[in-house]
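Line by line, the protein sequences are chains A and B. Going left to right, the first sequence walks through residues 118 to 462 as our numbering numbers them. Going left to right, the second sequence walks through residues 433 to 767 as our numbering numbers them.
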Amino acid sequence: MRKVLSHPLAWPAIALLVLLVVNVIAQPEFFHLRMQDGHLYGSLIDILRNGAPVLLVALGMTLVIATRGIDLSVGAIAAIAGAVACVRIAGSADESATSTAIAACALALAVCVVLGLWNGFLVAVLGIQPIIATLVLMTAGRGLAMLITDGQITTVHNSFFDKISAGYVLTIPLAIIVALAVLGLTAVLTRRTALGMLVEAVGINPEASRLAGVRSRTIIWTVYVFSAFCAGVAGLMIASNTNAADANNAGLWIELDAILAVVIGGTSLAGGRFSLTGTLLGAMFIATLAVTIPNIGIPSETNYLFKAVVVILVCLLQSPKARAALRIRRRVTPTPVSAPEKAAA
Amino acid sequence: MTTTTATPTGSTWGRIRSYAPTSRYLPVLTTLALLIGMFGVGGIRYDGFADPQVVLNLFVDNAFLIMLAVGMTFVILTGGIDLSVGSVVALSTVIAAWTLEHGWPPVAAALAVLVVGTLLGTVTGLVIHYFDIQPFIATLAGMFLARGLCFLISVESIPIHDKTFFDIAANQITLPGGYTITPTVIVAVVAVAIAAWVLARTRFGRTVYAIGGNEASAMLMGLPVARTKVAVYAISGFCASVGGLLFSLYMLSGYSLHAVGMELDAIAAVVIGGTLLTGGRGYVVGSMLGVLVLGTIQTFISFDGTLSSWWTKIAIGSLLLVFVVIQRVMTRRQP
Chain A
118 MRKVLSHPLA WPAIALLVLL VVNVIAQPEF FHLRMQDGHL YGSLIDILRN
168 GAPVLLVALG MTLVIATRGI DLSVGAIAAI AGAVACVRIA GSADESATST
218 AIAACALALA VCVVLGLWNG FLVAVLGIQP IIATLVLMTA GRGLAMLITD
268 GQITTVHNSF FDKISAGYVL TIPLAIIVAL AVLGLTAVLT RRTALGMLVE
318 AVGINPEASR LAGVRSRTII WTVYVFSAFC AGVAGLMIAS NTNAADANNA
368 GLWIELDAIL AVVIGGTSLA GGRFSLTGTL LGAMFIATLA VTIPNIGIPS
418 ETNYLFKAVV VILVCLLQSP KARAALRIRR RVTPTPVSAP EKAAA
Chain B
433 MTTTTATPTG STWGRIRSYA PTSRYLPVLT TLALLIGMFG VGGIRYDGFA
483 DPQVVLNLFV DNAFLIMLAV GMTFVILTGG IDLSVGSVVA LSTVIAAWTL
533 EHGWPPVAAA LAVLVVGTLL GTVTGLVIHY FDIQPFIATL AGMFLARGLC
583 FLISVESIPI HDKTFFDIAA NQITLPGGYT ITPTVIVAVV AVAIAAWVLA
633 RTRFGRTVYA IGGNEASAML MGLPVARTKV AVYAISGFCA SVGGLLFSLY
683 MLSGYSLHAV GMELDAIAAV VIGGTLLTGG RGYVVGSMLG VLVLGTIQTF
733 ISFDGTLSSW WTKIAIGSLL LVFVVIQRVM TRRQP
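This is the structure:
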C-alpha cells in the first residue's frame, strides 16, 4: 500500500477516481455509454471531448515545463490559430470546400509554428526568462488575433472544419482521437528515444547539459515550437466547436488550466522531470471537475474555488517541506515504526 | 556606483564627457524618456494632447493600477510574482458592494475589504515560504480562490448606492490653474511615496532587495528572510485591496468579472518601469511611470480615433518586448 501511495501518479489517479465516484453517486447513470447512429454518447465521452483542447495544450506545456520553462502564450496562440483558419476559410472563393479547410488549417498551424519559433528565440537565444518572454505574446497575441479577425467574430460554414470537433471516426469523436494521437506520438518520441532524457537534462541544468554535449538551445527551441503547435491544434478545435473565431474569448485562460493539469500530473515546475501520463490524468481531472460541479448541484461559477483547493492540495502533497512536516507530526504520535522503514523515510 | 573610474584625467570636461547616470537608474530614466517622448509626439499630432489635464487624467483613470503596481513591485523585487492581484481587485469590489448593500457603514465595508485582501496575501506568502511552493503556482491558486469567492458571494453585478462612496467618487479636487484630480489620485501617489521611502530608507526595504539579489546570501547574512517574504505578499494583497476599493469607486459596482487580466497589466507596468523580473533591482517610481506609459498608449488610441482598440494590446506587448530585451542586454553586460 505504501509503495502504491508513493508512486508519483497515485495521488492524481486517486483524485480523479474520487471525482468520478462523486459523479456516480450524484448521477447513477454517469458511466452509461450508448450507441446512437453509430456514434458513442455519454458523460465520459463528453469529458474526454471537452478535455481534448486542454490535454493538447498541456502536452506541449509538459515538455516546456520539463525544461524549467513556462509558456503563457498558448491561449493567445490558440486564438490566433482559430482566427487565421476562420478568416482564411471565410475569405476564400469556395467556402465549403474540403481543400479550403485543409489549406486554412495548415496555414494556421504554420503561423503557430512561427509563433513558437519566436517564443523559442526569445527564451533560447536571447535568454529571457520564459514567464516574461511568453507574456509578451500573451498580451500582444490577442491583439494580433483581433487584428486578423478585424475585431469581429468570424463565423464559417465548412463541413470539414466542423468535423474537427464534431466529427466521428470509428464511433469515437475525432477530437479525442487527435488528442490521444498527439499524446501517443509525444510519448513514443520522448520515451522511446533519448529526447525525453535530454529534455529532462536541460531542465535540471542547461549549462551542464550543454557542456555534456546536449544541444540545449535546440531542445529548448523545439519544445516551444511543439507547445505552440499543440496550442494551434487546440485552437482549431475550439474554433471548430463554435464554427467561429472569437479572438477575445477563444482559449481564454487555457494556459492556466494547462499548467494546472501539468502540476496535478506531478510534473514539477522546477523542471527536470515530466510525466505525460500524469498530464493526461491532470487534464482529465480538470475536465471532470468542470462536469462534476454542476452535477452535484453547485453553481458552475464556483469552479474556480475548487480549482484553487485542488492546486493547493496537490502542491502541498508534492512539496517536500509539507511532507516533512507531516512526517514529523506522525513520528510524534506513538505509532510503532520499525527501524529500516524509518531509515527509508 | 563605479561610474567615475573611467575618468583618469580628472578634468571637469572629462568628467562631464564621461558622465553617465548611475546604471541603476538607467531603466527608470528610459521609461521617463519614453513617456516624455510619447507626449511630445502626441502633442505634435493631436490637439490638446500635451494639456496637463491629460496627464492628470492618466492618474485618475489608472489610480487602481498604480496601487497594484506598487504591491507587485515589492513582490517582484524579491524575485517572486503575484498573479492573484486582479482577482483580489474583483473580490474587493464585490465585498464592498455586498457589505454596503447589507447596510454596513462605509468605513466597516472598507475595513472588511482591506482585511480580506491582506489576509489572502499573508496566507499566500506563508504557503510560498514555509511549504516552498513556487510563487507562480501559489498565487495562481490565490487567483482562482479569489475569483471563486467572488462568484460565491454574488454572480451578478451589485451596484453601489452608498452616499459616502458616491460623494468620494464624485468629489473633484481643484488644483491651481483649474486642473482637477480625484481623491483616488492622492491615495495612489501617497502610496507610491510611502513605498519608495520604505524600499529606499528602511531596513525592511533593504532586506527586500537583498532577498531578490540572492535569497541564500540574505539568509546567511542573518536577514529576516521568512518575515520579509511573507510581508511582501501581504503588502501586495493589501495594495490590491486598496486598488479594489479605488476600482469600486471608479466603477461604483461590484462584479466578479471586474479586472480580468489586470494582474498582467500590473506585471507589464512593473517590467516597463525597469524592475528586473529576477528581483533585486528596480524602483516603485519606475512602476508608476510604467502604468502611466500604459495609460498613455490608451490615450493615444482614444485621441486618434481611427486606431482600433486591439492596438493597445499589441503596443503593450511590443513595449514589453523592447524593455525585456533592453534589460537582458544590460544585465548581460554587467553580470
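All C-beta atoms in this analysis are idealised placements derived from N, C-alpha and C, irrespective of residue type, glycine included.
- Item | 7 Å Cβ cutoff, ALA666 of chain B in contact with chain A | no
- So does VAL486 of chain B have its beta carbon nearer than 6 Å to some heavy atom of the ligand HEM? No copy of the ligand HEM occurs in the structure displayed, which carries no ligand at all.
- Leaving out five residues before and five after PRO323 of chain A in sequence, what residues of the same chain have Cβ atoms less than 7 Å from its Cβ? Excluding residues within five positions, the ones whose Cβ falls inside 7 Å are SER333.
- Message: Quick check: the Cα distance between ALA522 of chain B and GLN153 of chain A, rounded to an integer number of angstroms?
- Response: Their Cα atoms are separated by approximately 45 Å.
- Item | DSSP beta-bridge partners of ALA361 of chain A | Answer is A:THR272.
- Message: Just checking: is the beta-carbon of LEU136 of chain A within a distance shorter than 7 Å of some beta-carbon in chain B?
- Response: no
- Message: Against chain B, which members of the stretch 247-271 of chain A pass a CB distance test of less than 9 Å?
- Response: ILE248, ILE249, ALA250, LEU252, VAL253, LEU254, MET255, THR256, ALA257, GLY258, ARG259, GLY260, LEU261, ALA262, MET263, LEU264, ASP267, GLY268
- Tell me whether the beta-carbon of THR525 of chain B lies closer than 7 Å to the beta-carbon of SER740 of chain B. no
- Task: Would you please verify whether the beta carbon of ALA648 of chain B is less than 7 Å from any beta carbon of chain A?
- Result: Chain A, which has no Cβ nearer than 7 Å to the Cβ of ALA648 of chain B, makes this no.
- Task: Taking C-beta pairs closer than 7 Å, name the residues in chain B that ALA439 of chain A reaches, listed in chain order.
- Result: Neighbourhood of ALA439 of chain A in chain B, by CB distance below 7 Å: PHE563, in chain order.
- Query: Relative to the alpha-carbon of THR307 of chain A, which residue among A:ALA195, A:ALA210, A:THR339 has its alpha-carbon at the smallest distance?
  - Reply: A:THR339
- Message: Counting C-beta neighbours from all protein chains within 10 Å, is the total for ILE418 of chain B 16 or more, i.e. buried, or is it exposed?
- Response: This structure cannot speak to residue 418 of chain B, because chain B is shown only from 433 to 767.
- Query: Less than 7 Å separating the beta-carbons of THR266 of chain A and ALA362 of chain A?
  - Reply: yes
- Task: For VAL428 of chain A, return the contacting residues in chain B, with the cut-off set at a CB-CB distance below 7 Å.
- Result: The contacting residues are ILE569, LEU572, ALA573, PHE576.
- Item | the stretch 731-747 of chain B in contact with the stretch 640-660 of chain B per 3-pair CB rule at 8 Å | no
- What's the C-alpha gap between THR728 of chain B and GLY472 of chain B? Rounded to the nearest angstrom, the two C-alpha atoms are 11 Å apart.
- Item | Residues within the stretch 606-638 of chain B neighbouring chain A, beta-carbon criterion of under 7 Å | none
- State the Cα-Cα distance for the pair ILE464 of chain A and LEU652 of chain B, rounded to the nearest angstrom. Nothing can be reported for residue 464 of chain A, as the shown portion of chain A is limited to 118 through 462.
- Minimum C-alpha distance to ASN236 of chain A - residue among A:ASN420, A:VAL191, A:GLN269: Checked all of A:ASN420, A:VAL191, A:GLN269; the closest Cα to ASN236 of chain A is A:VAL191.
- Task: Use the C-beta contact count for GLN435 of chain A: other C-beta atoms within 10 angstroms, 16 or more gives buried, fewer gives exposed.
- Result: buried
- Query: Using a Cβ-Cβ cut-off of 8 Å (strictly less than) and excluding sequence neighbours within five positions of VAL228 of chain A, which residues of its own chain qualify?
  - Reply: ILE197, ALA198, VAL201, GLY349
- Item | Per-residue burial, GLN604 of chain B [other beta carbons within 10 Å of its own, 16 or more giving buried] | exposed
- Query: Which first and last residues belong to the alpha helix (DSSP H) in which GLN485 of chain B is found?
  - Reply: 484-509
- Task: With DSSP as the reference, label VAL331 of chain A as helix, strand or coil.
- Result: Coil.
- Task: Measuring only between beta-carbons, confirm whether ILE293 of chain A sits less than 7 Å from chain B.
- Result: no
- Query: Is GLY382 of chain A helix, strand or coil when you go by DSSP?
  - Reply: Looking at GLY382 of chain A - three-state DSSP - the assignment turns out to be coil, as it is neither helix nor strand.
- CB contact check: ARG760 of chain B to chain A, cutoff 7 Å: yes
- In angstroms, rounded to a whole number, what distance separates the CA positions of LEU291 of chain A and PHE278 of chain A? Between LEU291 of chain A and PHE278 of chain A, the C-alpha separation is close to 12 Å.
- Message: Taking only three categories from DSSP, how would you classify THR436 of chain B?
- Response: Bear in mind that the predicted position of THR436 of chain B carries a pLDDT of just 47, short of 50, making it unreliable; the figure below should be weighed with that in mind. The answer is helix: DSSP assigns THR436 of chain B an H, G or I state.
- Task: Determine the contact status of ALA193 of chain A and MET255 of chain A, defining contact as a CB-CB distance below 7 Å.
- Result: In this structure, MET255 of chain A lies closer than 7 Å to ALA193 of chain A by Cβ.
- Starting from SER750 of chain B, find everything on chain A with Cβ-Cβ shorter than 7 Å and list it in chain order. ALA257, listed in chain order.
- At least 3 beta-carbon pairs within less than 8 Å: the stretch 711-722 of chain B vs the stretch 658-672 of chain B: no
- GLY260 of chain A to TRP742 of chain B span [Cα, whole Å]: 5 Å
- Query: Hey, out of A:ALA298, A:LEU430, A:LYS424, A:ARG309, whose CA is closest to PRO170 of chain A's CA?
  - Reply: A:ALA298
- Just confirm the distance between the C-beta atoms of ALA698 of chain B and LEU497 of chain B, as a whole number of angstroms; I'd bet it's less than 8 Å. 6 Å
- Count the other CB atoms, across all protein chains shown, that sit within 10 Å of the CB of PHE148 of chain A; report buried if there are 16 or more and exposed otherwise. exposed
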